[in-house]
Amino acid sequence: MNKGVCWMEGKIQPLSEARVSVRDHGLLYGDGVFEGVRFYHGTPFMLGEHLARLQDSARAIGLECPWRQEELTDIVTEVVAAFSQAQGYLRILLTRGEGALGIDPRSCARPQLIIIADGLQMMEPAVREQGADLIIASTRRLPADGLDPRIKSLNYLNHILARMEANHAGAHEAVLLNTRGQVAEGTADNLFLVKDGKLLTPPVTDGALAGITRQLILDLAREDGLAAREQTLAPYDLYTADECFLTGTGAELIPVRSIDGRKPHQCPGPVFQQLSRCFHHHIDQHCRNNP
Ligand SMILES: Cc1ncc(COP(=O)(O)O)c(C=O)c1O
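In terms of my numbering, the sequence shown is residues 60 to 350.
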């Protein structure tokens, strides 16, 4: 039974009954921005960071968010309380709202805010334990001069095409390269590798989303004494990594077992295990102690 709930127009209703207008430019043109937020022990994790990124994404596309951060926080708290479980996933969408047929956003009078709470299982528990198989997709990450990767927009079609390549190949996830052939990220997650004791992840300027989990992992790694830095990576670096893993709000931390059939030395490796412990400890500290 689907117990998901949805906030829209000031009301919370069962997710299965929530409907949007077919004139919403979010639906017609992907004109809008979003965030995915997990909650643990009934408390949204890193909500402030997610709401700040949502506001920045909205500002970057010239979409005025009528709700202040405190108001959004209050609505999120209400939605989490209405969901029957202490653990789950929030999807916060801000669309351009209803408008005329035609791309011009000036016909949209008022943005539409939608907040969904539901469960999310991005990968099977067995994959989380044994590791995900990745392919490098032929679909490339859109270049920043086409769409800045810092904007978390409702346009995910090139990520979906890459994920379809993974599905077709029987893999769990795809790696997107940028138009220069450098590693950008996964379809809905960031990528890390470990080589000679160093933790490396591609810089945002190579096409990675400025992932909130990615930043947390960089911070936790440094606090724990690991050498961690952003570095441009080629497919070669993935193929020859000692360890590799994915990070994201939905993904949390997932070890990688293979990339195009090449296997990192260890999966899950010691650095992954160390960071995974730090990550879950951090979640517990922040969510268990902030009811
Ligand atoms: C394309 C993409 N990259 C990376 C991520 C991971 O970012 P975060 O850790 O902020 O969830 C996401 C998450 O939605 C994403 O959609």
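Using N, Cα and C, we set each Cβ at its ideal position, and we do this for glycine too.
On a predicted model such as this, the values are computed, not experimentally measured, just so you know.
Roughly how many angstroms lie between the CA atoms of residue i and residue j, to the nearest whole one?
i, j, result
"L209", "A111", "For the record, residue 209 in the displayed sequence is Arg; it is not Leu. Cα to Cα, the separation comes out at about 12 angstroms."
"I194", "L149", "28 angstroms"
"Q332", "K254", "15 angstroms"
"C124", "Q189", "42 angstroms"
"G256", "L86", "45 angstroms"
"A191", "N214", "25 angstroms"
"Y88", "I162", "7 angstroms"
"G245", "E157", "32 angstroms"
"R347", "A176", "19 angstroms"
"G186", "G309", "Looking at the sequence shown, residue 186 is not Gly but Val. Distance between the alpha carbons of V186 and G309 is about 14 angstroms."
"L153", "L172", "5 angstroms"
"E282", "D115", "28 angstroms"
"P262", "G240", "14 angstroms"
"E137", "I219", "31 angstroms"
"G101", "D343", "11 angstroms"
"S75", "L268", "30 angstroms"
"Q72", "K62", "10 angstroms"
"L258", "H339", "19 angstroms"
"D296", "A230", "19 angstroms"
"G69", "Q144", "21 angstroms"
"T260", "W126", "34 angstroms"
"G205", "T264", "13 angstroms"
Between residue i and residue j, which are expected to be in contact by the criterion C-beta below 8 angstroms, what is the C-beta distance as a whole number of angstroms?
i, j, result
"V330", "E302", "6 angstroms"
"A243", "E232", "Going by Cβ atoms, the distance from A243 to E232 rounds to 13 angstroms, so no, they are not a contact pair."
"G33", "A203", "Because the chain in this structure spans residues 60 to 350, residue 33 falls outside the shown range and cannot be described."
Go through its chain and collect everything with a Cβ distance to residue i's Cβ below 8 angstroms, but skip five positions before and after it.
i, result
"L106", "V96, T132 and V135"
"G147", "R97, F98, V139, A176, D177, G178 and L179"
"A77", "C65, M67, I173 and I175"
"H341", "L275 and L279"
"A228", "I194"
"Q128", "G107, L110, A111 and Q114"
"L160", "R82 and L87"
Can you list, in chain order, the residues of its chain whose CB lies under 7 angstroms from that of residue i, leaving out five sequence neighbours each side?
i, result
"L201", "N217"
"R336", "none"
"D207", "A119"
"R155", "H84, G85, D90, G91, L122, P164, C167 and P170"
"H345", "F104"
"T306", "D248, N249, F251, G270, T272, R273, I276 and L312"
"L334", "I276, L279, A280 and L312"
"R222", "A233 and T246"
Which same chain residues end up closer than 6 angstroms to residue i when comparing Cβ atoms and leaving out the 5 residues on each side of it in sequence?
i, result
"E94", "H109, L113 and I151"
"P294", "I195"
"D300", "First, the residue type needs correcting, since residue 300 is Ala and not Asp in the sequence shown. Excluding positions up to five away in sequence, the list reads L252, K254 and P323."
"P314", "G190, F304, C326, P327 and F331"
"S212", "V92"
"F142", "V64 and A176"
"E130", "none"
Answer yes or no: does any C-beta atom of chain C fall closer than 7 angstroms to that of residue i?
i, result
"R150", "Of the chains in the structure shown, none is chain C; there is only one protein chain."
Self-check item: contact_flag[the stretch 282-289, the stretch 312-323] where n(CB pairs < 8 angstroms) is 3 or more
Solution: no
Quiz item: Below 8 angstroms, can you find three or more Cβ-Cβ pairs linking the stretch 178-191 to the stretch 73-91?
Solution: no
Self-check item: Sufficient close CB pairs (3 or more, under 8 angstroms) joining the stretch 197-205 to the stretch 227-236
Solution: yes
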